[in-house]
Each structure stands twice: as C-alpha cells, then as structure tokens.
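With mature numbering (1 follows the signal peptide of the UniProt record, and there is no 0) applied, the sequence shown covers -26 to -1, 1 to 493.
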Amino acid sequence: MIVRRALRRVAWVIPLFALHSACALAQTAAPAKAVPIEVDAQAAGQPFPHFWERMFGSGHAVLTLRASYRRDLSMVKRATGFDYVRFHGIFDRHVGMFHIGPDGKPVYNFSLVDQIYDGLLARGVKPYVELGFMPRELAADPADTNGFWYHPITSPPKSYKLWDAMIRAFARHLVARYGIDEVSTWYFEVWNEPNLNFWAGKPKQATYFKLYANTARALKEVSPRLRVGGPATAQTAWVRAFLDYTHAHDVPVDFLSAHVYGDDTAQNVFHKDEHIPRRAMVCDAVAKVHREIAQSADPHLPFILSEYNATYMNLPNVTDSAYMGPYLAETVDRCAGKVTMMSYWTFSDVFEEQGVVKTPFYGGYGLVSAYGMRKPAFNAFALLHKLGRTRLPVRGADVIATRRRDGTLALALWNYAPPVNLTPNYVDRAPVQPAKRFDVHFTHLAAGSYATLWRVGRHHADVMRLYDAMGRPAYPTQLQTAELRRAGMLAPPRVLPIRDGHVEVTLPPYGLALLEVHA
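Encoded structure:
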C-alpha cells in the first residue's frame, strides 16, 4: 500500500510540474501596453457595504442537518462573515412540521425545525426563511409537484384558513423559542419562483398574490416586527405588478425579492430581442428592479436578490472554474448601489435538486464541492471580502479601490474573459485573450508604503488543475481528497515594491487579484 501511494504521488507530481512550468511561462508573457489605474490614497470616498456577501443560498431544509453542510457553512462563514442563509422546503414532508390529526385538526411538530435553525444560529448565521413548499395534507392537489429529486409540492392550499393558521403557529413557535428580538432580524420570503413551475395556482400571478397577502397578514398578526417580502420570482418578473398590488390592497411588504441568472435571456427578463452577455445580465436586471422600486409608491423598499449565479445550468467551465473570479468582481462593481443584499446560489454542493451528487465537479452551484474542496469561486469571495468599507474614486477599468478602517488600501483587479466550452464537460482551455498588465499609480501615499498581492486564477488556487491531472476521478480516494483540498487553498500573498507611487500587476485571462497597500 505504501509503495502504491508513493507511485500515485509521483504520477501527480509529473503533470503538476508541467502545470507550474506553464504558469511561469504565462506570467512572463505580459502585454506590451499597460492599463493605467489612478488612485488618490487620501480621497474621502463613499460607503461601500458588502452587499454581495451577506447571504448565500443552499439546497433544501433537511440538508442543513448534515455534517458536511455544516462544515461547508462554517468554511464560508470564516471566509466571508456572511449573515444569512436561504434554502427551500421548510414545510416539506421531510421536515414533518404539518399533519392533520384523527380529529381533522392540524398537528404541528417543530422538532426538526428547531434542529435546523439551532444549527444555523450556533454557527453565527441567521435564517432567511423561504416559506414553502406545500405540506401534502394541506395541498389542494398533492400531485402538483416540481421536477426536483425530492418532489416539492407546488399546489395552492386546499384551505386558506388552515394555511393561515399554520403560518401563525410557525411564527409563534419561532418567537417563543428564539425571542422576538432575534426573529425580527430574520427575513420571511413567501414561496419560491411562483412565475415558474414551483407554483401550480391558476392564474399564477393572481393566486400567488392571494397566497402572499394571506401569509403576510398572518405573520404580522403574530408580530408587526416580523419582516415579510416577495415575490421571489425568477427572471426578476412581476415586480411592478407586485408592488402595485400590495399598495392597492394595503398588504404588508418589508422588502422586495427576485432572482436572475447570467444566462437568463433578454426576452425573459426584459421582454425584448437582443443579446445581453453573461457578464452583464445579473446587474442589468438588478438595475431594472432598482428603477421599478424607485418609481413605486414605496421607493425606499429594500431589494434583496435572493438567488443569482453566472448560470442556472450545470456548466463546469463556469461555476467550477477560474472564470468565476472576474465574473464575481464585475458583478460587485456593476451592482453596487442598486441592491441591498445579494444571495449567491449556492455556498455548497451539498445539494440534491438533481439527485445525489455523483462526482465532485459537475458544474454544481456551490462555492465548496463535495468532499469539502474549495472552488475558485470560494477563493474569489475570500479575496473580495478583503475589500474595505469605503470605496474610493478611481481612474481606470476593471478595478474596485477601497479603504479599510485601519487605513489599508484594498484594490480588486481582474481580467475578464468569457467562458469556453459551454457543455457539461470541463475542458481546461484558456480563452484567446492576452494577459492584462495594470500600472497602478497612487497619489498622496505615505512614505514607506508597500503592497501585498493575493491571486486567484487558472494557475492560482484552482483545484480543477489538479483534478484534471488526476484523471477526474468520480470518487477520489482519501489521499486524493486531501491533495485536492490543499490545491484549492489560497497561497500566501506576495510582497511587491511600490516605486514612485507605482506598482504593476499582470493578470492572465480569468485572473483576479486583491492588492493591499500598507503604510
């Protein structure tokens, strides 16, 4: 066994040596012309809340009880400090909260509900409560189900009297267990994507609005401090109609929520025939919703994008790849100031919409793959977390300049390129695009300042490089798993000199860097 392990390790070293050699060659091939960046280190700046890392999505409710889910939750919490997690199915049969007793009266069992929320709170994360799906014994038609592996019931309730009573009982239990001061900091979102096949009411919009009104009023009966919102629609749909409805019927709404993905179409989101690139779709849709809220009767309503990602499909060359670094940086840059909170879908590949995960890297939505391996997207979030809370004015493109409370400057720099090979198969092929050389010039910088540089990219903290070198095993051994976990770790930052206020950073396509300037 020892000999076999040694041979296996040698087999990995040979391709890895080739990868490191290619990395060195790529880093020396800099473009001829530098991209100038100008930053005034003493500029006043504007507040820069970290809206992109306050919440993450995940699978369905019972998965939160798994050790692997909780491991990944803690990993992402340490990397980003996020506040909220969202998941489907708190009312699904696997949680077992609602039953009809022999006497025909509702019976509530909060045993798993308590274990689910206790587990989140113990790890410093609050619930963003998606209220759904329909309990079987409360469904008008239990045969109305979604195609997910766990078959959530999408039917309207057979009795709104029973539904309203269940919502009140659920909310009262939460307040009794955790206290109103705690639960009033949570969010309650009514249903999930009712404009798609997650809601079987007919007509969809009118029946969902009834569900929302009943649910919101039932929650407010328990306490007016409970926060409720919707419509949680895909493709940022129904926003104007929802806001008009809630205003006209005096229905409580504390926040507006919606979803969008990078490969949603312009026809579905904007109802027009044009091509909107993946890099722009999410923030274009965010800007649309931002305008719709501003033009409504409640122009200051908080907006939560409670699901987004670069793709809603399983594309390894998108969600598993280094592409995600620049994509996420651009999303932060473009969406800033237009949304209260964004929820990346998802923090973990402990996720079973299509069934049990069959291989660690299949284009899953998570920042962390099966077996606890950090994807490039995880490391991108970890770098972007290092940005300060004050955004500085900057001359130049593909850069976010910030200052932290301790005076350290933190800049995100990236080289965006579109993904290649948009199929269910991963192919590690660089896009046909040159490296980008940034010449960052700081004015009013304290004497003796120096820079440190963190990097994510195809040759930096990219677990997919080693996974390919291993031959993409569907079930990595424990030794391989340990190696893959190490391969996904960020390397320590490099120290860079600052000469006459200048520092240079060269990034290949899919490269993301975090530059810190210390006085």
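Ideal Cβ positions, reconstructed from N, Cα and C, are used throughout, including at glycine.
Residues bridged to residue i (per DSSP)
i: HIS492; result: TYR424
i: SER231; result: PRO205 and ILE278
i: VAL477; result: VAL414
i: SER322; result: VAL342
i: VAL430; result: LEU486
i: TRP388; result: LEU486
i: LEU105; result: VAL164
i: MET29; result: TYR58 and SER317
i: ALA375; result: LEU385
i: ALA113; result: PRO131
i: ILE11; result: VAL414
i: VAL81; result: HIS73
i: ARG365; result: GLN20 and THR376
Cut-off 6 Å between Cβ atoms - residues of its own chain near residue i, not counting five sequence neighbours on either side
i: ALA(-3); result: Here ALA(-3) scores only 36 on pLDDT, less than 50, and its place in the model should not be relied on; the value that follows carries that caveat. For ALA(-3), where only same-chain residues beyond five positions count, there are no Cβ hits under 6 Å.
i: PRO367; result: ALA17
i: ALA(-9); result: Caution is warranted here: a pLDDT of 35 is assigned to ALA(-9), below 50, making its placement in the model unreliable, and the coordinate value is therefore given only provisionally. Closer than 6 Å at the Cβ level, and outside the excluded window around ALA(-9), lies no residue.
i: GLU478; result: ASP413
i: VAL491; result: LEU383, SER423 and ALA425
i: ALA(-1); result: Residue confidence for ALA(-1) is low, a pLDDT of 38 falling below 50, so the modelled location carries little weight and cannot support an answer.
i: ARG432; result: ALA296 and TYR484
i: ALA139; result: none
i: VAL292; result: ALA284, THR285 and PRO393
i: HIS24; result: none
i: PRO405; result: ALA391, VAL394 and PRO483
i: VAL469; result: THR426
i: HIS68; result: VAL36
i: TYR134; result: ASN188
Reference residue i, options the options, closest by Cα
i: PHE216; options: ILE267, ALA261 and ALA145; result: ILE267
i: THR38; options: ALA421, PHE325 and PRO471; result: PHE325
i: HIS73; options: ALA8, ALA254, TYR91 and ALA143; result: ALA143
i: LEU230; options: ALA240, LEU47 and PRO273; result: PRO273
i: ARG460; options: TYR235, MET438, ASN171 and LEU470; result: MET438
i: TYR82; options: ASP66, VAL401 and ARG378; result: ASP66
i: ALA187; options: PHE416, ASN353 and ASP224; result: ASP224
i: ALA310; options: PRO334, ILE278, ALA448 and SER322; result: ILE278
i: LYS262; options: HIS249, VAL313, TYR301 and GLU248; result: VAL313
i: SER317; options: GLU327, PHE22, TYR400 and LEU341; result: LEU341
i: ALA206; options: SER42, ALA53 and HIS62; result: HIS62
i: ASP380; options: ARG403, PRO80 and LEU361; result: LEU361
i: residue 494; options: ASP88, LYS178, TRP123 and LEU112; result: This structure does not reach residue 494, given that the chain is present from -26 up to 493, and the question cannot be answered.
i: TRP388; options: ALA448, VAL243, HIS147 and VAL373; result: VAL373
i: ARG308; options: GLU327, HIS249, ALA259 and PHE352; result: ALA259
i: THR480; options: LEU489, ARG473 and ASP474; result: LEU489
i: HIS147; options: MET108, ALA351 and SER197; result: SER197
i: GLU104; options: VAL401, PHE244, ALA190 and ALA493; result: ALA190
i: ALA435; options: THR455, GLY204, GLN407 and ALA351; result: ALA351
Rounded Cβ spacing between residue i and residue j (contact assumed at less than 8 Å)
i: VAL330; j: GLY338; result: That belief does not hold up - the Cβ atoms of VAL330 and GLY338 are roughly 12 Å apart, past 8 Å.
i: residue 495; j: ALA114; result: Only positions -26 to 493 of the chain appear in the structure, and residue 495 is not among them; the question remains open.
i: HIS233; j: ALA208; result: 5 Å
i: SER280; j: GLU163; result: 6 Å
i: THR128; j: TRP173; result: 6 Å
i: LEU86; j: ALA145; result: At roughly 17 Å, the Cβ-Cβ gap does not stay under 8 Å, so LEU86 and ALA145 are not in contact.
i: ALA344; j: GLY299; result: Contact flag wrong, Cβ pair sits at about 21 Å.
i: HIS476; j: GLU27; result: Wrong, their Cβ atoms sit about 31 Å apart, outside the cutoff.
i: PRO467; j: LEU427; result: 6 Å
i: TYR102; j: MET29; result: 6 Å
i: ALA386; j: ALA465; result: The Cβ separation is near 17 Å, so there is no contact.
i: PRO21; j: ARG363; result: 7 Å
i: ARG369; j: ILE11; result: 7 Å
i: THR417; j: ALA41; result: 51 Å between Cβ atoms; not a contact.
Own chain partners of residue i with C-beta closer than 8 Å, once the 5 adjacent residues on each side are dropped
i: SER270; result: ARG214, LEU217, ASP218 and HIS221
i: ARG44; result: THR38, GLY93 and ARG97
i: ASP237; result: ARG252, MET255, ALA284, THR285, TYR286 and MET287
i: MET(-26); result: Annotation note: pLDDT 32 at MET(-26) (below 50); position unreliable, no value reported.
i: ARG403; result: VAL394 and ASN395
i: ALA356; result: ALA53, THR54 and LEU464
i: HIS415; result: PRO10, ILE11, GLU12, VAL13, GLY475 and HIS476
Contacts around residue i, its chain only, beta-carbon distance under 7 Å, and the 5 residues preceding and following it disregarded
i: ASN288; result: TYR336, GLY337, GLY338 and PRO398
i: residue 535; result: Residue 535 lies beyond the residue range present for the chain, which begins at -26 and ends at 493; the question has no answer from this structure.
i: PRO116; result: ARG110, ILE127 and SER129
i: GLY70; result: ASN83 and LEU86
i: GLU167; result: ALA206, THR207, ALA208 and HIS233
i: ALA3; result: Note that ALA3 has pLDDT 47, beneath the 50 cutoff, so the model's placement of it is unreliable and the number below is only indicative. Once the five neighbours on either side are set aside, the close Cβ partners of ALA3 are ALA409.
i: ALA211; result: ASN169
i: ARG(-18); result: For ARG(-18), the predicted structure reports a pLDDT of 28, less than 50, and the residue's modelled location is therefore unreliable. The matter cannot be settled from this model.
i: ASP118; result: ILE127, THR128, SER129 and ALA174
Cβ-heavy atom distance, residue i to the ligand ZN, below 8 Å
i: HIS434; result: Only the bare structure without any ligand can be found here, which leaves the ligand ZN out of the picture.
**OP:** Just list the beta strand (DSSP E) runs in the segment 150 to 201, keeping only unbroken ones of 3 residues or longer that don't cross its boundaries, in chain order.
**Re:** Listed in chain order, the beta strand (DSSP E) elements of length 3 or more contained wholly in the segment 150 to 201 are 161 to 164.
Original post:
Which runs of the alpha helix (DSSP H), 4 residues or longer, sit entirely within the segment 228 to 315?
Top reply: Whole alpha helix (DSSP H) segments, 4+ residues: 240 to 244, 252 to 268, 290 to 293 and 298 to 309.
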